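In short: position in the sequence shown from 1, add 416, done, that's this note's numbering.
Below is one structure, written out as structure tokens, with a few remarks after it.
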Amino acid sequence: MKLAQNGYIRFFGFQMGWGRFSAGSNGSTAVDFAEAFPTACFSVVASGSSDTSSDAKDNWPAVQTSSITRTGFSVFNANDNSDNCAYIAVGY
Numbered sequence: 417m418k419l420a421q422n423g424y425i426r427f428f429g430f431q432m433g434w435g436r437f438s439a440g441s442n443g444s445t446a447v448d449f450a451e452a453f454p455t456a457c458f459s460v461v462a463s464g465s466s467d468t469s470s471d472a473k474d475n476w477p478a479v480q481t482s483s484i485t486r487t488g489f490s491v492f493n494a495n496d497n498s499d500n501c502a503y504i505a506v507g508y
């Protein structure tokens, strides 16, 4: 268990991880989990954006589902500016 800005908790074989990251502009950003999942990560949800201009609102970073592994994932950000984001991941 690591109760911090980037952390995780395990209970009964289930693991949940969370954290914050900066998604670079116009490209992919790799994000590492605070603790690798022992077997697999099922899902990652990323949210948030520091750029609230009208041009950026439809360009929030999206998780590239094929990139999800035990140790991390990638997001693609189509915005012309970098974005501050947060994620929650679940697995076992």
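The C-beta atom is built at its ideal place from N, Cα and C for all residues, glycine as well.
Fair warning: this is a prediction, and the values are worked out from it, not measured in the lab.
Taking 8 Å as the cut-off, the beta carbon of Tyr508 is found no closer than this to the beta carbon of Thr445. For the 8 Å CB-CB criterion, Asn500 and Ser438 form a contact. In terms of Cβ geometry, Val506 and Met432 form a close pair [threshold 8 Å].
Of the other Cβ atoms in all chains shown, fewer than 16 fall within 10 Å of the Cβ of Ser463; this residue is therefore exposed.
Sequence-distant Cβ neighbours of Val461 in its own chain, meaning closer than 6 Å and more than five residues away, are Ile504. Looking from the CA of Phe492, the closest CA among Val447, Glu451, Phe453 and Thr485 belongs to Val447. Residue burial annotation: Gly488 is buried, with at least 16 other C-beta atoms found within 10 angstroms of its C-beta. Here the alpha carbon of Asn422 sits roughly 9 Å from the alpha carbon of Ala502.
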